[in-house]
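Chemist:
Chains as they are written, first to last, in this note's numbering: chain F, 8 to 159; chain X, 31 to 104.
(1) Relative to the alpha-carbon of residue 135 of chain F, which residue among F/116, F/152, F/66 has its alpha-carbon at the smallest distance?
(2) Taking 8 Å as the threshold (beta carbon to beta carbon), is residue 67 of chain F in contact with chain X?
(3) Give me the Cα-Cα distance between residue 86 of chain X and residue 70 of chain X, rounded to the nearest whole angstrom.
(4) Does DSSP put residue 74 of chain X in a helix, in a strand, or in coil?
(5) When you compare only the Cα positions, how much space is there between residue 32 of chain X and residue 92 of chain F?
(6) How many angstroms separate the CA atom of residue 98 of chain X from the CA atom of residue 92 of chain X?
(7) When you compare only the Cα positions, how much space is there between residue 26 of chain F and residue 35 of chain F?
(8) Once DSSP output is grouped into helix, strand and coil, what is the label at residue 144 of chain F?
(9) With distance defined between alpha-carbon atoms, name the residue in F/145, F/51, F/119 nearest to residue 107 of chain F.
(10) Spell out whether any CB of chain X is found under 8 Å from the CB atom of residue 9 of chain F.
(11) Please find out if some non-hydrogen atom of the ligand GTP comes closer than 7 Å to the beta-carbon of residue 119 of chain F.
(12) When you compare only the Cα positions, how much space is there between residue 140 of chain F and residue 46 of chain F?
(13) Chain X beta carbons: is any one of them nearer than 8 Å to that of residue 37 of chain F?
(14) Short of 7 Å in beta carbon distance, which residues of its chain neighbour residue 78 of chain F, apart from the five on each side in sequence? Order them along the chain.
(15) Using DSSP with H/G/I as helix, E/B as strand and the rest coil, what is residue 134 of chain F?
(16) As a quick exercise: from F/142, F/105, F/111, pick the residue whose alpha carbon is nearest that of residue 44 of chain F.
(17) Please confirm if residue 159 of chain F has its CB atom under 8 Å from at least one CB of chain X.
(18) Residues in the segment 33-58 of chain F with C-beta within 7 Å of chain X's C-beta atoms, listed in sequence order?
(19) Listing by chain order, which chain F residues have their CB less than 7 Å from the CB of residue 31 of chain X?
(20) Just the C-alpha distance for residue 119 of chain F and residue 51 of chain F, rounded to the nearest angstrom, thanks.
(21) Which whole-angstrom value is the C-beta distance of residue 138 of chain F and residue 112 of chain F, which I expect to be below 8 Å?
As structure tokens, then:
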């Protein structure tokens, strides 16, 4: 899904193609799947952090720290995948669900990061935002990488 | 606590590694570029084969014409 109009986007698309040695789709599917797997792990960590689950080997503080660190990695990976999508792939009719879910995902994720870093008064919304991020991630993955993996 | 954090992050690394292995296995290890190259080579081979057949056909026709011209009555 890309707007191949401007030269800059075209150049980024070329870089993406070079870096992935022509395997843009495959690299994108792997990265998106890694993000989804880490997101499932994030659910476990946040459940420990909020005290819903109390394993004897992991304190809520450690789980919270790991959750934040892995969350940063997920955010970076999502931006990389988004850049790959926008710079390389064409926008088609059958990708509408994927585009809508992915755009909503980036918006909600940005909102979540803002709440964590700046708008502390809204921190009661974090569980809701986290759940939305996870659900949107599942939809985004299922409508692209999941589809492709199911076909193979 | 540090040990727990490191342990949690190591688990994340294992998850990443396992995901990469599983998805790569599902996708197949041959790269798209390699597959495209193979396809291109196959197309070239087919093209060359067709050209060779065409050339043989032309030669056969030429020979037939020559035979007809040379072996006719008169």
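Note that beta-carbon positions come from the ideal geometry of N, C-alpha and C, so glycine has one too.
Modeler: With the structure as the only source:
(1) F/116
(2) no
(3) 24 Å
(4) helix
(5) 37 Å
(6) 10 Å
(7) 12 Å
(8) helix
(9) F/145
(10) Legend: pLDDT at residue 9 of chain F = 45, less than 50; position of this residue unreliable, no value from coordinates given.
(11) Ligands displayed in this structure: none; no statement on the ligand GTP is therefore possible.
(12) 9 Å
(13) yes
(14) 49
(15) helix
(16) F/142
(17) yes
(18) 33, 36, 37, 40, 41, 44, 45, 48, 52
(19) 66, 68, 69
(20) 18 Å
(21) Between residue 112 of chain F and residue 138 of chain F the Cβ distance is about 12 Å, and since that is not below 8 Å, they are no contact.
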